[in-house]
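Accompanying notes for the structure given below.
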Amino acid sequence: MVVIRWILGQIILVLDFLTSPKAVVRETAAQQAVDDVTATMSMYQFKTCPFCVKVRRELKRHALHIELRDAKNDAELKAELVNEGGRHKVPCLRIENADKSVEWLYESSDIIARLKSQFKLA
Ligand SMILES: N[C@@H](CCC(=O)N[C@@H](CS)C(=O)NCC(=O)O)C(=O)O
């Protein structure tokens, strides 16, 4: 089972690499404005999780530079996700608001919808 899962993971990574979307190019000031906001976000993820790949592709497509945190192999990050986010499930987007409150957003589709709405993306 572990071997099959590993093989499937590698296939996902190869397909993702081969079909990787092209990133949008913004003017420097516009990209900086987006980067300033995405600097307050991080995404807890597993490298080969298909739902994480789905979100990572959207991040790349829209040039959203969000820190990726390995919640599978890094015990500290995994504990952070479970204790603060509430579940060991990925992907999960951590958003630090201006008032320092923190949102933990689970579900790949909800994460993508939130980013599209926040950055007014098509
Ligand atoms: N419906 C969820 C599915 C996410 C999901 O099933 N993630 C798996 C990894 S692919 C997970 O976190 N499993 C928990 C675990 O392995 O501990 C989404 O779209 O984000």
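Under this note's numbering, the first residue of the sequence shown carries the number 1, and numbering increases by one thereafter.
Quick reminder that beta carbons are idealized off the backbone N, C-alpha and C, glycines included.
Quantities reported herein were computed from a predicted structural model and do not represent experimental measurements.
The criterion of a C-beta distance shorter than 8 Å is not satisfied by Ile112 and Met41. For the options Phe17, Leu18 and Asp35, the alpha carbon positioned closest to that of Val25 is the one of Asp35. Excluding five sequence positions before and after Phe119, the CB atoms of its chain that fall closer than 8 Å to its own CB belong to Val34, Val37, His62 and Leu64, given in chain order. Taking C-beta atoms as the reference points, Arg69 and Tyr44 count as a pair closer than 8 Å.
In the three-state reduction of the DSSP assignment, Asp70 falls in the strand class, which pools E and B. Shortest gap from the CB of Ser42 to any heavy atom of ligand 1: 7 Å or more. In this structure, the CA atom of Leu59 is about 15 Å from the CA atom of Phe46.
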